[in-house]
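In my numbering, the protein residues as written are 795 to 946. The beta carbon of each residue, even a glycine, is placed where N, CA and C say it ideally should be. As structure tokens, the structure follows; a few thoughts come after it.
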Amino acid sequence: KSIGTSPTSTSSGFSKGFLGLAALVFAALLYNSDFFWQTLVPEGKGRSHLPADIEKRDAIVAAFKHSWTAYERDAMGDDNYHPISKTGTNLTDAGGIGYTVIDSLDTIQLMGLDSEYARARKWIANSLSFDRDGNFNTFEASLLALIRLDSD
């Protein structure tokens with residue numbers, strides 16, 4: 795038996811935790827309900843709609859395309875890209891595992907860059923390999939790859 799604990803402290807802690815979780819779920823459901831926005835929120839103070847800034851959106855997409863094109867040209871498949879020297883480097887001397895390609899895939903898709911997406915997917919299908927004799931943080935690498943690749 796641990797010092798300073800009683801048999802009821804565990805169940806009491808569980809009850810408090812459960813009540814806190816229940817309150818959080820209730821608050822989230824209430825926040826997302828029409829009742830909250832139509833009854834409890836004063837007129838004009840509800841959810842705001844932000845219009846799209848098309849000019850900024852297009853500038854961001856163009857900047858990404860510029861960067862991605864340089865990465866594809868100079869370092870496709872490398873883990874990191876250095877735009878000034880126009881070179882890529884990898885996490886180990888054993889070679890890269892395509893961190894940049896995997897990490898960029900969802901952004902490419904969200905931006906609607908279909909040809910870039912197709913080329914990145916082709917690289918993943920044909921060239922991605924985790925068969926490296928290097929010192930990687932395998933948890934981080936596996937998690938990143940599984941989350942990114944599984945979301946497609």
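In the DSSP assignment, ASN874 falls within the unbroken beta strand (DSSP E) covering 874-876. Closest option to GLY889, judged by alpha-carbon separation, among GLU910, PHE924, PHE812, SER898: PHE924. Note on geometry: alpha-carbon atoms of TYR911 and LYS880 lie some 22 Å from one another.
Going by beta carbons, GLY882 and LEU922 fall outside the 9 Å limit. Around the beta carbon of ALA914, 16 or more other beta carbons sit within 10 angstroms, so the residue counts as buried. Beta-bridge analysis with DSSP links GLY882 to TYR875.
From the listed residues THR886, ASN884, LEU885, ALA864, the smallest Cα separation to PRO877 is found for ALA864.
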